[in-house]
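Enquirer: One structure coming up, written as structure tokens, with questions to follow.
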Amino acid sequence: MAMSNGGETGGKGPGVFDDWGKIRPHHVVPMDLPVSRISCQEIWNKLSESQKHFIHHFSRASWSGSGICSSQISEESPSVLRLLLLLFSSTGILDLKRRCHTVGVTPGEWDWLTAYAACFMTNTGNYFAFGDMKFVPELPEHQLDNIVRVCPLKVRSTTRN
30 MAMSNGGETG GKGPGVFDDW GKIRPHHVVP MDLPVSRISC QEIWNKLSES
80 QKHFIHHFSR ASWSGSGICS SQISEESPSV LRLLLLLFSS TGILDLKRRC
130 HTVGVTPGEW DWLTAYAACF MTNTGNYFAF GDMKFVPELP EHQLDNIVRV
180 CPLKVRSTTR N
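Here you go:
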């Protein structure tokens with residue numbers, strides 16, 4: 030996930046880094062993104078088995094197409110999507126957070142990771158859906174490497190070159 034000034038935009042605007050090698054602040058995922066839990070258990074319980082079956086398969090089809098959508102965003106988006114899905118689905122979220130803590134990931138860095146993942150999933154890629162502007166995690170690259178290393182073996186073997 031290393032980035033270079035101007036080369037990581039895919040022809041979509043200015044580079045991620047300014048002239049001094051610092052990330053441009055408007056390219057970093059904002060920490061004040063609202064994330065809400067959608068409670069639908071009550072409505073789900075009122076559905077017929079046939080309706081539940083339909084919704085299940087509709088949801089699966091939607092996720093199956095997410096890789097195609099992400100490939101329309103940028104060349105790297107499908108790989109980032111696979112990495113995030115593996116990171117957050119290979120183990121429970123609390124276990125992942127605990128593993129991250131064991132390698133020195135701070136609570137702030139954990140928040141940066143989850144904010145980036147939420148923003149990426151919302152946009153199905155690493156460009157904001159509005160403004161055609163790339164965003165990057167504020168998480169230091171070495172910490173992202175540490176997070177990938179402490180995840181179950183199947184994640185590392187799938188995401189490493």
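Following our numbering, the numbering of the sequence shown begins with 30 at its first residue and continues without gaps.
Each residue gets a CB set at the ideal place from its N, CA and C atoms; glycine is no exception.
#1: What is the DSSP secondary structure of valine 57, counted as helix, strand or coil?
#2: Quick one: grab the DSSP three-state call for valine 132.
#3: For tyrosine 156, list the residues DSSP reports as bridge partners.
#4: How would you label tryptophan 141, buried or exposed, when you count the other beta carbons within 10 angstroms and need 16 or more for buried?
#5: For proline 107, which residues of its own chain have a beta-carbon under 7 Å away from its beta-carbon, when the five flanking residues on both sides are left out?
#6: Using the C-alpha atoms, what's the distance from alanine 158 back to lysine 81?
#7: For glutamate 104, count neighbouring C-beta atoms within 10 Å of its own C-beta (all shown protein chains included) and say buried if the count is 16 or more, exposed if not.
#8: Quick one: measure Cβ to Cβ for valine 57 and valine 179, integer angstroms, because I've assumed they're closer than 8 Å.
#9: Applying the criterion that 16 or more other CB atoms from any shown protein chain within 10 Å of the CB defines a buried residue, is threonine 151 buried or exposed?
#10: Between the C-alpha atoms of serine 79 and leucine 62, what's the straight-line distance to the nearest angstrom?
#11: Tell me whether glycine 94 is buried or exposed, calling it buried when 16 or more other Cβ atoms sit within 10 Å of its Cβ.
#12: Less than 7 Å between C-beta atoms, sequence neighbours within five positions excluded: which residues of the same chain meet that for histidine 171?
#13: Cα separation between valine 109 and valine 134?
Expert: On the basis of the data shown:
#1: Taking the sequence shown and counting its residues from 1, the one referred to as residue 57 is at position 28. Valine 57 falls in the strand class under three-state DSSP.
#2: By 1-based counting over the sequence shown, the position of residue 132 is 103. The DSSP-derived three-state label of valine 132 is coil.
#3: Position 127 of the sequence shown, counting from 1, holds the residue named residue 156. Tyrosine 156 is bridged to Lys163.
#4: What you label residue 141 is simply residue 112 of the sequence shown in a count that begins at 1. Per the 10 Å Cβ criterion, buried.
#5: Here residue 107 corresponds to residue number 78 of the sequence shown, with the count starting at 1. Closer than 7 Å at the Cβ level, and outside the excluded window around proline 107, lie Gly96, Ser99 and Ser100.
#6: Here the question's residue 81 lines up with position 52 in the sequence shown. Here the question's residue 158 lines up with position 129 in the sequence shown. Using only the alpha carbons, I get a separation of about 30 Å.
#7: On the sequence shown, position 75 is the one that residue 104 refers to. With fewer than 16 Cβ atoms within 10 Å of its Cβ, glutamate 104 is classed as exposed.
#8: For the purposes of this step, residue 57 is taken as the residue at position 28 of the sequence shown. For the purposes of this step, residue 179 is taken as the residue at position 150 of the sequence shown. Actually they do not touch by this definition, with Cβ atoms about 24 Å apart.
#9: As a working mapping, residue 151 is identified with position 122 in the sequence shown. Of the other Cβ atoms in all chains shown, fewer than 16 fall within 10 Å of the Cβ of threonine 151; this residue is therefore exposed.
#10: By one-based count along the sequence shown, residue 79 stands at place 50. By one-based count along the sequence shown, residue 62 stands at place 33. Rounded to whole angstroms, the gap between the alpha carbons of serine 79 and leucine 62 is 36 Å.
#11: As a working mapping, residue 94 is identified with position 65 in the sequence shown. It counts as exposed.
#12: Numbered from 1 along the sequence shown, position 142 holds the residue referred to as residue 171. Cβ within range, chain order: n/a, list empty.
#13: Within the sequence shown, the letter at position 80 stands for residue 109. Within the sequence shown, the letter at position 105 stands for residue 134. Those two C-alpha atoms are separated by around 20 Å.
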